[in-house]
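Novice:
Residue numbers (my numbering), protein chains in the order written: chain P, 4 to 584; chain F, 4 to 584.
#1: For a contact defined as C-beta to C-beta under 7 angstroms, what are the partners of residue 408/F on chain P?
#2: Quick one: what does DSSP say residue 87/F is sitting in, helix, strand or coil?
#3: Using a beta-carbon distance cut-off of less than 8 angstroms, what residues from the region 127-141 of chain F approach chain P?
#4: What residues in the region 200-229 of chain P bring their beta carbon closer than 8 angstroms to a beta carbon of chain F?
#5: According to the Cβ coordinates, are residue 256/P and residue 375/P closer than 8 angstroms?
#6: So with CB distances below 7 angstroms, who are the chain F contacts of residue 513/P?
#7: According to DSSP, simplified to helix, strand and coil, what is residue 61/F?
#8: Specify the secondary structure class of residue 571/P as computed by DSSP and reduced to three states.
#9: So which residues on chain F does residue 457/P lean against when the C-beta distance must stay under 9 angstroms?
#10: Just mark residue 202/P as buried or exposed, buried being the case when its beta carbon has 16 or more other beta carbons within 10 Å.
#11: Rounded to a whole number of angstroms, what is the C-alpha to C-alpha distance between residue 583/P and residue 568/P?
#12: Taking 7 angstroms as the limit between beta carbons, can you name the residues of its chain near residue 188/P, skipping five residues before and five after?
#13: Can you tell me which residues form a DSSP beta bridge with residue 507/F?
#14: Extract the residue ranges of the alpha helix (DSSP H) inside the region 202-252 of chain P, only unbroken runs of 4 or more that lie entirely within it.
#15: Using a Cβ-Cβ distance cut-off of 8 angstroms, determine whether residue 480/P contacts chain F.
#16: Measuring CA to CA, which of 48/F, 14/F, 573/F is closest to residue 451/F?
#17: Quick one: using the 10 Å Cβ neighbour count with 16 as the cut-off for buried, is residue 10/P buried or exposed?
#18: Rounded to a whole number of angstroms, what is the C-alpha to C-alpha distance between residue 298/P and residue 546/P?
#19: Starting from residue 460/P, trace the beta strand (DSSP E) in both directions and tell me its first and last residue.
#20: Within the 8 angstroms Cβ cut-off, does residue 547/F reach chain P?
#21: Residue 592/F CB to nearest chain P CB: under 8 angstroms?
#22: Taking the CB atoms as reference points, tell me whether residue 357/P and residue 35/P lie closer together than 8 angstroms.
#23: Rounded C-beta distance between residue 352/P and residue 23/P? I'm assuming under 8 angstroms.
#24: Reducing DSSP to helix, strand and coil, say where residue 500/F ends up.
#25: Evaluate the contact criterion for the region 448-465 of chain P versus the region 497-516 of chain F: three or more CB pairs, one atom per stretch, below 8 angstroms.
#26: Distance cutoff 8 angstroms, beta carbons only. Does residue 415/F sit that close to anything in chain P?
#27: If you draw a straight line from the C-alpha of residue 89/F to the C-alpha of residue 53/F, how long is it?
#28: Output, in sequence order along the chain, the residues in the region 160-173 of chain F whose CB is closer than 9 angstroms to any CB in chain P.
#29: Name, please, each residue of chain F whose Cβ falls closer than 7 angstroms to the Cβ of residue 489/P.
#30: According to DSSP, what are the bridge partners of residue 450/P?
#31: By the criterion of Cβ-Cβ separation under 9 angstroms, what are the contact partners of residue 345/F in chain P?
#32: Comparing C-alpha positions only, which one of 195/P, 15/P, 261/P sits nearest to residue 240/P?
#33: Give me the Cα-Cα distance between residue 166/F and residue 197/F, rounded to the nearest whole angstrom.
#34: Identify the contact partners of residue 462/F in chain P, using a Cβ-Cβ distance below 7 angstroms as the criterion.
#35: Three or more C-beta pairs closer than 8 angstroms, one from the region 493-506 of chain P and one from the region 377-387 of chain F: is that the case here?
#36: Quick one: is residue 444/P near chain F, going by C-beta distance under 8 angstroms?
What follows is the structure, given as structure tokens:
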């Protein structure tokens, strides 16, 4: 039985796996397998480390890296995105769940599972209702500021493992306070191990690649080998702890990690827990989606492929639901990991599915080897990874370009560091929208005149232009809507309040992309008020869509003046009229 | 001792009373006194009725009409605004306080007093921080829809007094259900009294004025006499109830109203009560401010006077605080009342202070006369007053003009009627801002060509224009900011995806009033991507403020093409280049 063609097409849209499997061949298989092996090696220490960052048992990191990858391979549209636990989402999970239960308790893990489920449902619903555009309301600088501040928070939160002490907190003040309070308990062996590993990983990142290139290795291979540094660090420090019996000397180790398949788990459906976690779930979904989509788009562009953001929501939603059902916690597409996947030659989402098999094998076979893995090593891999995300230059770049953007970034960074991730990103978004609205509510209005020898009109304050005392031409540099309707009225009234012999006011509408009902009423008020003092109101360069709408109102009948195609026509006609009179 | 001039000027700005008292003379005094007498006569039944609407004892309406008027006379800038209890704010008070206590209890009255205080503090703080512009974010259609729906709610809520039954509720469904449930208890005498009074008041409003004009009376006098109808209704029905002993026959009367000065009262400072009332107080403040300022501005414009919105916030804030300290409830500037005040010749805010004296005399002397006043009469005055505010034509006007405005109005009306005033106005505001943001996130982009014989460029789909296959000119009809940065990228990539021999893309920026950091990054991405396929990116008609900012970034150095003063220059240069080559 063959499906009718239209159904096949719509099925393919909703199940992208049906598209790429059609042309899947042996070459693609080989590429995908190679990429999967490399990503698996990179993902094992990462998934353990990020689970630790989220305050969860290490195995939950592994579980979150198995079924979610398969779900994404079925529903996702990016060919190179590598899904799994990531740093920022792990930190946000710790912040959200930390309000509800103590780390290490069963409630804490259960809440993380429920959070993954809530986040999955939100992403899925957003995908079905095509709400991907909502992510556009996160401005680039706010995201950059948020990622930078989160990186600082994450690195600071991991210092406790480097020092071998206890410390807690969801913002910089709490974390540093807690570290200082307990620093006298520092374990010297842990500290030595932590610092050495951190230094080694930094060297791997900066110094190893040039070294390998020096031996004549291909750049791509050198790059991938350098990314395997954490695996070497894990192996060496685990063996050191085992051989030297450092676990008995106060070095904290991962301990027993259960061996076997991921467990089947069910999220809680308690309305109370949902209402407590909903906002966090929403923030995690949006941040995760934005991070994931921007990586996916960058990688797709390199191969002239396209991703479908609304379908990406479905893919990530399915991943998170899969995570919740198999003992995982919130996941999304990771930056470093996806780049490695892409560079290693992944051709289709099947690479993700093969990675899942790799992690599954690790969960089945390798967990006993992780017993002596020191937490300090995992902390070092996190610190080195997140510090590459920290980039305060966004502050100086926005400062020189736009104070509005700077304000939003500075607030986001300050609030994230001072009050935690949720406060930081929420206020960042609200502030950037609020500042945009505030700006549009006080539009720039320029009085314009003719640039001699052209038909072009520019600001009289900036250019040497011709004007006529009887005709005032005002170019309004903003759409007219409720928030600036009153401003326009005030501006025009102030402009005509002087004693000049003004007979015509021309509103040049080249930058007016919309006139809403409130603004229309203000235009009517302006028209009436100008009529009372014997001044005619004209419009020029009104755009098609705006004109269509004005024609449906009575305003054009009531307006004392005319609508001109261009500002040049307007001034020519109005000054000619004078000459004729 | 004379104050230094600068202090005097700044004092006058903050205490407008110092301005108008300088030129106060006997003529002004007479005008103000006459206006005050007329407004007092109108305000007595209104203030009692609105207290009833708010679910409060009748005397609180009187108290809210004494000191608040004096406070406004000192701090307010409008010369004609008449402050006191108004219908919509009374309804909102009932909705807010009804959640906290039962009508008729001391807690209910205390909560209303606290609400007035909270609202006063909010207004004062907004005034001090010059946040009056926030009111601009209430669009005209949302306000119109809200007032209309509130009018329907208020009229419905008063039907219980006309029928002489009990009914409660904060939305139309509850109110009608409650009325239907109790309609078998209808008191026929009350119903007769209520219907007769309502019919009389409607006739006074529609029929009396033409009749008086027929007798040769001056229009303004006829207008004012017609406004005194409620006083006549109060007098006649009170006497009827007293003479016929209708109070014993089930007609509900106002009963004992305490005689004497307004009491000194103190608001609650319990954090719990404040947190419960804060949002309501904020909504009442903003709605009250918007209503008040639009009346004040309309009346000021008629006499070429100006009001200062931020100082109005201070005036209204002081009024509400005064109300809270003297047994009143939230007040604002009333529409009908201010128009009467203006028409009756009020010249300065002193008219308000004289009105306060009039109401004070009423509270001191007339309250025993109100004992037999039937509640049905007060309900009739409310119904007739608010039905004049009801105007569903805003639905049809917005439907034909703008579906976005229509959506916001329809939602506001529906939610106000179905879920109460607070839900209605909150969602209305959020929706109108949300829809505006949504629109700006998907801007109109027009491909333009030269209108033959001019230097003017218009949409190729709407006008007969000249184009060149190698040069694509795109006019972007929106400021470029974070919410539409990605949209622009997608648009440009789609446009160049066809097989045409495109060599230049010109972005015509006449409607671009801002390019924020996110959009700048998108322009950089577009430039890079176009460069890869050997297409040059140019800008034209970039406005001064936008250009200033671009010059501070590296973008202009990286851009493959040029910035042209006008679109005409751009196309001339780019097509000439081709001819030369």
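C-beta atoms are modelled at their ideal positions from N, C-alpha and C, and glycine is treated no differently. The structure presented is a predicted model; accordingly, all values stated were derived computationally and were not measured.
Specialist: From the atom records:
#1: 519, 520
#2: strand
#3: 136, 139, 140, 141
#4: none
#5: yes
#6: 513, 514
#7: helix
#8: helix
#9: 458, 568, 569, 571, 572
#10: exposed
#11: At residue 583/P, the pLDDT of 48 sits below 50, so the modelled position is not reliable and the matter cannot be decided from this model.
#12: 168
#13: 474/F, 539/F
#14: 212-217, 222-230, 232-247
#15: yes
#16: 573/F
#17: exposed
#18: 37 angstroms
#19: 460-462
#20: yes
#21: In this structure chain F extends from 4 to 584, so residue 592/F is not present and cannot be described.
#22: yes
#23: 7 angstroms
#24: coil
#25: no
#26: no
#27: 7 angstroms
#28: none
#29: 139
#30: 477/P
#31: Going along chain P, no residue has its Cβ under 9 angstroms from residue 345/F, so there is no contact; the nearest lies around 18 angstroms.
#32: 195/P
#33: 7 angstroms
#34: 547
#35: no
#36: yes
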